[in-house]
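Just below is one structure, and these are the notes that go with it.
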Ligand code: HEM
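In our numbering, the protein residues as written are 7 to 423.
Put into structure tokens, the structure is as follows:
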């Protein structure tokens, strides 16, 4: 380890156990203990410098100083991300692949997805009105899976929806786990890569037609920097990089319903697009999802009297940055108004990464996430009425990723007159 005398060292043989015991608050707890915005620790068998806060995020997204190659453990690539995807690329290769994603996620396409998800929610109402209760998380996974596959040009039979949606969710569920949850995610990825890989091949050979402009068509015929099409596996990984995270917006949607339930005073204050957007942003800030991000030091430098050495693993705290007292007034309060008061910057609000998505690794799907969450909020508030029966709505800050225990049950659902 770089022994930096003035930098707090979390002195244990390996902190991995503490990480699994403290989850989302692992980094923040130590920042508070050491009154610092960085410390060194041994995690998952290697040394890491953990950093948190707006300035730390700005540093982390400096591509002169950091690279992604070698930063994502193989076990995460084989479950969550896939091998060879945009997340692990750097420099020109990353810029070129990132343009592919951004070309599919224009404001017009984002709006289309918002409209489509509203349509898909509405289609569920006949069945919901007859059901004793529904579990919103389970419904959301399926609704989002139907929505994103239709938009992406991916054929999906109704009988496949539940299984495919579950597989996408399992890949994400695997990131914070060892043992059965991890292996379930790996199996789900293998299955999805086979399925999506064969769709890519069928489109390329003309056996399956895909409309120009759909992600299936765009990715199948995308040419890499070498002028060649992506190999089938990489193309499948990248199409899954569109489908999987969109299905998993279901986590934020479940928290959105919880926020509405716990703060019912906002129900009458969601009439304008601006108000709905502020509410959605506060859901993305307040509730935990991605815990932290990893990168490796590209060349030696010093920051806050800490020497960062080439190859060193650095972890940026997402949850702690979104709850940083220096940046957010009363961060533990759920207060959407803060987003109407201009509280955000490219680096202090990082639920889907920080900086500029065109030049760095920031998530290209934020617009899709916000549009789908706004449409769903409108649906929950303005289009239906429902009861929230007695249930366990608590969520763990230790389990990663987390969710309200009951998945958010709703009963007596009916259309608003
Ligand atoms: C629940 C909503 C979502 C969350 C919490 C989320 C979170 C994130 C985070 C934390 C990153 C990493 C940023 C970094 O490495 O610096 C990321 C990257 C990425 N996200 Fe999302 N995301 C979400 C939705 C989406 C959607 C809807 C899509 C696509 C339709 C998407 C596609 C991607 C891709 C392709 C990357 C890799 C970008 C790169 O490496 O340049 N995400 N996301």
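Positions of the beta carbon are idealized from the N, C-alpha and C atoms, including for glycine.
Backbone secondary structure at residue i - three-state DSSP
{"i": "residue 228", "result": "coil"}
{"i": "residue 392", "result": "strand"}
{"i": "residue 242", "result": "helix"}
{"i": "residue 309", "result": "strand"}
{"i": "residue 14", "result": "coil"}
{"i": "residue 206", "result": "helix"}
{"i": "residue 319", "result": "strand"}
{"i": "residue 417", "result": "strand"}
{"i": "residue 401", "result": "coil"}
{"i": "residue 192", "result": "helix"}
{"i": "residue 340", "result": "coil"}
{"i": "residue 217", "result": "coil"}
{"i": "residue 235", "result": "strand"}
{"i": "residue 370", "result": "coil"}
{"i": "residue 376", "result": "helix"}
{"i": "residue 223", "result": "helix"}
{"i": "residue 187", "result": "helix"}
{"i": "residue 21", "result": "coil"}
{"i": "residue 365", "result": "coil"}
{"i": "residue 198", "result": "helix"}
{"i": "residue 90", "result": "coil"}
{"i": "residue 406", "result": "coil"}
{"i": "residue 26", "result": "helix"}
{"i": "residue 330", "result": "coil"}
{"i": "residue 348", "result": "coil"}
{"i": "residue 293", "result": "coil"}
{"i": "residue 422", "result": "coil"}
{"i": "residue 249", "result": "helix"}
{"i": "residue 335", "result": "coil"}
{"i": "residue 212", "result": "coil"}
{"i": "residue 386", "result": "helix"}
{"i": "residue 411", "result": "coil"}
{"i": "residue 7", "result": "For residue 7, the predicted structure reports a pLDDT of 42, less than 50, and the residue's modelled location is therefore unreliable. The matter cannot be settled from this model."}
{"i": "residue 95", "result": "coil"}
Beta-bridge pairing of residue i - partner residues as DSSP gives them
{"i": "residue 52", "result": "49"}
{"i": "residue 357", "result": "359"}
{"i": "residue 57", "result": "44 and 322"}
{"i": "residue 174", "result": "Answer is none; residue 174 lacks a bridge partner."}
{"i": "residue 298", "result": "323"}
{"i": "residue 303", "result": "72"}
{"i": "residue 81", "result": "Beta-bridge pairing links residue 81 to no other residue."}
{"i": "residue 314", "result": "307"}
Nearest-angstrom Cβ-Cβ length linking residue i and residue j, presumed shorter than 8 Å
{"i": "residue 95", "j": "residue 370", "result": "Not quite, the Cβ-Cβ distance comes to about 13 Å (not below 8 Å), so this is no contact."}
{"i": "residue 73", "j": "residue 301", "result": "7 Å"}
{"i": "residue 85", "j": "residue 195", "result": "6 Å"}
{"i": "residue 321", "j": "residue 56", "result": "5 Å"}
{"i": "residue 353", "j": "residue 360", "result": "5 Å"}
{"i": "residue 290", "j": "residue 387", "result": "So it is not a contact: roughly 18 Å between Cβ atoms."}
{"i": "residue 260", "j": "residue 410", "result": "6 Å"}
{"i": "residue 222", "j": "residue 158", "result": "6 Å"}
{"i": "residue 62", "j": "residue 16", "result": "Going by Cβ atoms, the distance from residue 62 to residue 16 rounds to 16 Å, so no, they are not a contact pair."}
{"i": "residue 286", "j": "residue 379", "result": "4 Å"}
{"i": "residue 344", "j": "residue 281", "result": "Incorrect: roughly 13 Å between the Cβ atoms, too far for contact."}
{"i": "residue 364", "j": "residue 104", "result": "7 Å"}
{"i": "residue 407", "j": "residue 179", "result": "6 Å"}
{"i": "residue 147", "j": "residue 173", "result": "Incorrect: roughly 10 Å between the Cβ atoms, too far for contact."}
{"i": "residue 238", "j": "residue 207", "result": "6 Å"}
{"i": "residue 215", "j": "residue 150", "result": "Not quite, the Cβ-Cβ distance comes to about 24 Å (not below 8 Å), so this is no contact."}
{"i": "residue 92", "j": "residue 244", "result": "7 Å"}
Alpha helix (DSSP H) runs contained entirely in the region 97-164, provided each spans 4 or more residues: 97-110, 113-129, 131-136 and 142-158
Every unbroken alpha helix (DSSP H) inside the region 251-278 [4 residues or more]: 255-268
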